[in-house]
Amino acid sequence: MRTRYSIIATFLALSLGIFGVGCDSSTDNGELVASFEVETTNSTANFRDRSRYPDGEIESRTWEFGDGETANGQGVEHTYDEPGTYTVTLTVEGADGTTQSTSRDVSIGTQRFEVVVENTGPLLPLTKNGTFRQDGAFDSDIDPGEEAEFAFTVGPEELPETGTAFSFASRFDPSTDAFYAFRPEGIPLFDESGTPRGLDGPVSVTDNIRLWDAGTENAGDKIVEITDDNDDGTLEEDGTTYPAVSDVIEVTIEGQEDQSSGGYEFTVTIQNISDQTGATAENGDPIELSRGTYAAHFDRVPGGDPDDNPEDDVRYPGFITLDDSTASAGLATLAQNGNPADHDAELDAAQGISVPLSPGAFAAHSDAIQPFSLNREASEGIERIAEDGLPATLAETLGEAGAVTDGGTFGNGPLPPTPTDAENEQITFTVNASPPSKEAPGDRLSIVTMHIQSNDYFYAFKPAGLPLFDDNGDPIDGTQTAELSLYDARTEADQEPGVGINQAPRQPSSDVGPSQDGTVDRLTSNIGASPLTDVIEVTVTPVSQ
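First residue of the sequence shown: 88, per the numbering used here; consecutive thereafter.
Quick look at the structure:
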């Protein structure tokens, strides 16, 4: 929803002439067509009727100027008391009583701009990822009786209705290309109530592990599960016998609240228990578990339902589907020689913070006002948008300022990040600005929108706003992303972006989380290893009448 402000400031004498053509109200097929042209100079607009009636004669023309005034005639002049945007309507009537009307917005004493706010950030399904190896050893596999342990922090979901799952992969050594992993979709780290797995202590997830054949012996071979076909307690594939999964590997997960991140920390322990069970490879050699990869990831696409549509599952990269999947190059390398580096690089490409942008507030204003100030406490309006993505309070506050020419809110909901191969999501709005004059410089543009994966970060131009006119008095035109910065309102204690449970996608309601009595600060480092231009782009284009 968007709000328009009335202009309270005293009208400035301007010398701007704009010429435009009104839109036809119907096609030219002999019928009456209402149309007009307008030229504005300072506060005066000259309107000229350009209506057509090939099959008849136009008898009267009535003008409504949008400020309560009306006039009649083919060409009329009207002077407005205040600058602003007015909806002008022309109604023409034929001698036979036929009528047609056409309307258009006319800007008086202002320059109109079109502003496009675009979310250029990718939708990244992996929240955390990494590699693991035998504890206390560098670059070492997990020998019998040894273990690997690693930890990571996540929230119950990064985006609404995505959940959080866990996956890993480790080679069965010796083998040609067998590896241990869960099913492609991984296992959930939280139950339906949001309780983390292993909250009361380590829990075993070994029953969920499968042994897989990566299918790398012949080109085009698929990943298949190695199963107990003979019901004898061992696994068989292509004439090779493997011990039962539970005789070789034990995996436990423990989850606990993590104060430093504001989310949950999960500790995963992967043990090679073949020394306890006496399990060996078919040739009698001891079994090693290779260095491996892991990831915490969405358990479904945003808004998806895997129960109704299996394609809504988010699967471990390199291990795409169960029935018709060829291992990626990285996963194939891990399965063949136990080197996780290439697969980890594939995971890196899908890992990061998926950042929606909140509905925002905007205003064109003089240099007598600014929406926020560095090193000063944030206003209520900035606090509400920075913490909860609610722009109405800031928009209303700016609307009461006499130095604001035009403004309002943009967006009806979060502007989401972009899935692979999709066009970026964007929102477009228009704003009218006062050009430079002898009495005052031209207006500036301010926009404020929340970095939704934070507690109280927001994107904005400099506190004084973006100058909408250059040194020659000409309107600016083009991408203005370089003028944006990411700010910390410092009204709420920070948590790890994309993880904290007091952040908008995960908080139970608005205005939760411990307060922080700080002052607004500009952030100079990247958030979640993503530069600013990878999240938001703003383009400003002047619009003719």
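C-beta: ideal position from N, C-alpha, C; glycine also.
{"Asked": "Residue burial classification, E467 (beta-carbon count within 10 angstroms, cutoff 16)", "Found": "exposed"}
{"Asked": "Per DSSP, cross-strand counterpart(s) of G155", "Found": "According to DSSP, which records beta bridges pairwise, G155 is partnered with nothing at all."}
{"Asked": "Spatial distance of T480 from Q590 (CA atoms)", "Found": "20 Å"}
{"Asked": "In DSSP terms, what H452 is bridged to", "Found": "V491 and R531"}
{"Asked": "For G242 and Y351, believed in contact at Cβ under 8 Å, the rounded distance", "Found": "7 Å"}
{"Asked": "DSSP three-state assignment for S572, whether helix, strand or coil", "Found": "strand"}
{"Asked": "Any 3 or more C-beta pairs closer than 8 Å across the segment 299 to 319 and the segment 451 to 461", "Found": "no"}
{"Asked": "Within 8 Å, strictly: CB atoms of A482 and T505", "Found": "no"}
{"Asked": "Pair within 8 Å by beta-carbon distance, D475 and S602", "Found": "no"}
{"Asked": "Option nearest F259 by Cα separation, candidates E570, F449, L573 and N426", "Found": "N426"}
{"Asked": "Boundaries (first-last residue) of the alpha helix (DSSP H) holding S257", "Found": "Per DSSP, S257 belongs to no alpha helix (DSSP H); it is in the beta strand (DSSP E), A252 to D260."}
{"Asked": "Presumed contact (8 Å Cβ cut-off) between N216 and D431, rounded CB distance", "Found": "7 Å"}
{"Asked": "P523 CB to nearest heavy atom of the ligand SAM below 7 Å", "Found": "Inclusion of the ligand SAM in the displayed structure is not the case, the ligand content being empty and no account of it being possible."}
{"Asked": "Cα-Cα separation between L610 and D372, rounded to whole angstroms", "Found": "56 Å"}
{"Asked": "Beta-carbon proximity of P393 to R387, cut-off 8 Å", "Found": "yes"}
{"Asked": "4-residue-minimum alpha helix (DSSP H) runs that sit fully inside the segment 347 to 420, ordered along the chain", "Found": "361 to 364"}
{"Asked": "Distance between S348 and E644 (C-alpha atoms, nearest Å)", "Found": "Within the shown structure, residues of the chain are numbered from 88 to 632, placing residue 644 beyond reach of any answer."}
{"Asked": "3-residue-minimum beta strand (DSSP E) runs that sit fully inside the segment 190 to 224, ordered along the chain", "Found": "198 to 206 and 213 to 219"}
{"Asked": "Contact under 8 Å by Cβ, Q198 with P629", "Found": "yes"}
{"Asked": "Beta-carbon gap between E32 and S415 smaller than 8 Å", "Found": "One cannot answer for residue 32 here, as it falls past the ends of the chain, which runs 88 to 632."}
{"Asked": "Residue interval of the beta strand (DSSP E) (run including G162)", "Found": "G162 to T166"}
{"Asked": "Nonlocal neighbours in the same chain, by C-beta distance under 6 Å from T97, ignoring five residues either side", "Found": "Only weak support exists for where T97 lies, its pLDDT of 22 falling under 50; the coordinates are left without a value."}
{"Asked": "Beta-carbon proximity list for G390, same chain, < 7 Å, skipping 5 on both sides", "Found": "E248"}
{"Asked": "Stretch-stretch touch, CB-based, cutoff 8 Å, three pairs: the segment 562 to 569 with the segment 250 to 270", "Found": "no"}
{"Asked": "Own chain, CB closer than 8 Å to S188, minus 5 neighbours either side, in chain order", "Found": "S112, A121, T176, L177, T178 and V179"}
{"Asked": "Spatial neighbours of A368 in its chain, beta-carbon cut-off 7 Å, leaving aside the 5 residues before and after", "Found": "P261 and I374"}
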